Amino acid sequence: MRIIEETKLDYQDVLLRPKRSTLTSRKDVDLEREFTFYHSPKTWKGIPIMTANMATCGTFEMAQVLAPYKMITTFHKYYTVEQFEEFFKSFNNPDYVAYTLGIRDEDFEKLKIMQEKDLLKHFSFICLDVPNGYLQKFLDAIKMVRTICKEHIIIAGNVVTNEMAEEIILAGADIVKVGIGPGSACTTRRQTGVGYPQLSAVIECGDAAHGMSNSQGVGRIIADGGQQFPSCVAKAFCGGADFNMFGSMFSGFEESGGNLIEKDGKQFKEYFGSSSNKAMEEFYGKKDSHRASEGRYTLIPFKGSIHNFIQDLLGSLRSTGTYIGAQFLKEFPKRATFIRVNRQLTTYLETFDTGK
Ligand code: 5GP
-7 MRIIEETKLD YQDVLLRPKR STLTSRKDVD LEREFTFYHS PKTWKGIPIM TANMATCGTF
53 EMAQVLAPYK MITTFHKYYT VEQFEEFFKS FNNPDYVAYT LGIRDEDFEK LKIMQEKDLL
113 KHFSFICLDV PNGYLQKFLD AIKMVRTICK EHIIIAGNVV TNEMAEEIIL AGADIVKVGI
173 GPGSACTTRR QTGVGYPQLS AVIECGDAAH GMSNSQGVGR IIADGGQQFP SCVAKAFCGG
233 ADFNMFGSMF SGFEESGGNL IEKDGKQFKE YFGSSSNKAM EEFYGKKDSH RASEGRYTLI
293 PFKGSIHNFI QDLLGSLRST GTYIGAQFLK EFPKRATFIR VNRQLTTYLE TFDTGK
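Here the sequence shown is numbered in our numbering, starting from -7 and rising by one per residue.
Below is the structure:
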């Protein structure tokens, strides 16, 4: 048994120190980035924010809204090949959509059918997603997917430590998805005791990934989960995240998945983890007897259309840029000084200003 004595940090454990700035307006802060990658020959440009690949936010409706903002929708893996065929008759914006798969046999069979039907050309990103990215068979799966998706930008995770971030890139991924246990619908920490404070995971994995470069590009990371407020997104970028992915902040809207539910005269939308009993029963018809639920089911007060939230999120990020003197998103980590503070406890859901 070993104990790491150094304190590791979550987003709520820090604030950003303001810095002298020559910027005159939030409008001056540019949130777009252009990335090259370690394996994929593609160059990607946009606002590096993406939905989680969850049934409640990785939806076709969300992609229609986010693509014009140059933000990415990571589709949940429950859409059928036929549904994708239908959707891509009227949607053609590969840079802003990701295809998700797990490592079950049926996931690989579906990937092959998608390839045979020439549907993978509609995605720039392929997201290989498992709760525990530390299994050797996950690394083998990345290698296999790279042989099928030679040009795609491959996302793989989740992990939280530097050595595994490097392994995942060496196995063939371009972007490492970082986060075990921070998600708002996630109960992994409570059920298993496993996890890693998310800001430290982002800083350490980012450092490892960015240290891996070749003549084409460098390793990249996504900060996945645990962002309760726009400030958490800013802190993740400051900590070195290339992309931010989240679920609960993209849920509860018209464009989100989950049923709309009336309760005591108020409207709610469902939000549930991908490993919750609800997800396992709804999408697989049953929960395997050897599995425990590692996800929660909850109701989010219905928030209407997502456009107001996007304005709020992007406006907040630009404001962070002016406070720390960063004109470009790329400069956030260079300009950031974190101050350790006592935890701030309110949740964004309680404070989001819907204008009502
Ligand atoms: P949020 O933005 O809601 O804090 O976190 C979203 C992230 O939580 C997802 O991208 C995914 O990594 C993680 N997640 C989603 N569902 C589950 C689940 O059922 N169990 C666990 N352990 N993590 C989940």
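For glycine and all other residues, C-beta sits at the position ideal for the given N, C-alpha and C. Keep in mind it's a predicted model, so treat the numbers as computed, not measured.
Residue burial classification, residue i (beta-carbon count within 10 angstroms, cutoff 16)
i	result
Thr14	exposed
Lys348	Its pLDDT being 48, under 50, Lys348 is placed unreliably in this model, and the value from its coordinates should be taken loosely. The residue is exposed, with fewer than 16 neighbouring Cβ atoms inside 10 Å.
Gly307	exposed
Tyr276	exposed
Asp234	buried
Ser17	exposed
Pro60	exposed
Met(-7)	exposed
Ser82	exposed
Ser266	buried
Trp36	buried
Gly257	exposed
Asp132	exposed
Glu98	exposed
Ile64	buried
Gln220	buried
Glu247	buried
Ser268	buried
Thr180	buried
Lys261	buried
Ile172	buried
Ile253	exposed
Ile(-4)	exposed
Spatially closest choice to residue i from the options, by CA coordinates
i	options	result
Cys224	Asp121, Ala148, Gly175	Gly175
Gly244	Ile292, Ile214, Gly217	Ile292
Leu112	Asp97, Asn269, Asn124, Val137	Val137
Val122	Asp132, Asn150, Leu131	Asn150
Ala193	Cys178, Leu131, Lys0, Ile(-4)	Lys0
Glu125	Gln75, Ala165, Ala55	In the sequence as displayed, the identity of residue 125 is Gly instead of Glu. When each option's Cα is compared against that of Gly125, the closest is Ala165.
Tyr315	Lys227, Gly249, Asn154	Lys227
Tyr263	Val152, Ala328, Gly287	Gly287
Thr72	Pro60, Glu101, Gln56	Glu101
Glu(-2)	His114, Ala318, Tyr188	Tyr188
Thr184	Pro325, Ser285, Phe324	Ser285
Ala177	Glu273, Glu323, Gly218	Gly218
Val152	Phe130, Asp216, Ser207	Asp216
Asp20	Met63, Leu309, Gly203	Leu309
Gln190	Lys270, Ile167, Phe229, Thr35	Phe229
Asn236	Glu26, Pro40, Gly203	Pro40
Tyr3	Glu108, Ser281, Ile195, Ile167	Ile195
Val168	Phe221, Gly232, Lys270	Gly232
Gln128	Ile95, Phe80, Gln56, Glu78	Ile95
Met204	Glu155, Lys142, Glu246, Glu247	Glu155
Asp87	Ile134, Phe130, Ile145, Asp110	Ile145
Ala271	Gln259, Gly257, Asn251	Asn251
Phe80	Lys34, Met106, Glu254, Gln259	Met106
Val170	Gln56, Gly198, Glu143	Gly198
Gln259	Phe324, Phe242, Asn269, Lys295	Lys295
Asp110	Phe130, Asp99, Leu131, Glu77	Glu77
Thr290	Gln56, Ala55, Gly239	Gly239
Glu24	Pro325, Phe320, Arg283	Phe320
Ile147	Ile134, Asn84, Glu74	Ile134
Pro222	Ile(-5), Gly313, Ser207	Gly313
Ala318	Asp304, Glu273, Asp22	Asp22
Lys104	Cys141, Asn84, Gln75	Cys141
Asn300	Pro325, Glu323, Phe242	Phe242
Val57	Leu305, Asn206, Ser297, Ser311	Ser297
Glu143	Lys62, Lys34, Glu108, Phe130	Lys34
#### Entry: Runs of beta strand (DSSP E) lying entirely within the segment 66 to 129, each at least 3 residues, in chain order
89 to 93, 117 to 121
### Message
Whether or not the segment 91 to 102 and the segment 110 to 120 are in contact is what I'm after, with contact meaning three or more pairs of Cβ atoms, one per stretch, closer than 8 Å; do they touch?
### Response
yes
### Message
I want to know whether the segment 64 to 74 touches the segment 27 to 47 - three or more CB-CB distances under 8 Å.
### Response
yes
#### Entry: contact_flag[the segment 47 to 59, the segment 157 to 166] where n(CB pairs < 8 Å) is 3 or more
no
### Query
Which ranges would you report for the alpha helix (DSSP H) in the segment 198 to 269 if only whole runs of at least 4 residues count?
222 to 230
### Query
Should the segment 210 to 223 be called in touch with the segment 19 to 38, which here means at least 3 C-beta pairs below 8 Å?
yes
### Query
Between the segment 1 to 21 and the segment 319 to 333, do three or more beta carbon pairs fall short of 8 Å?
yes
### Message
Just to confirm the assignment: which complete beta strand (DSSP E) runs, minimum length 3, are found wholly within the segment 287 to 340?
### Response
289 to 293, 330 to 332
### Query
What runs of the alpha helix (DSSP H), each 4 residues or longer, lie entirely inside the segment 17 to 68?
52 to 58
### Unbroken stretches of the beta strand (DSSP E), 3 residues or longer, contained in the segment 127 to 163
145 to 151
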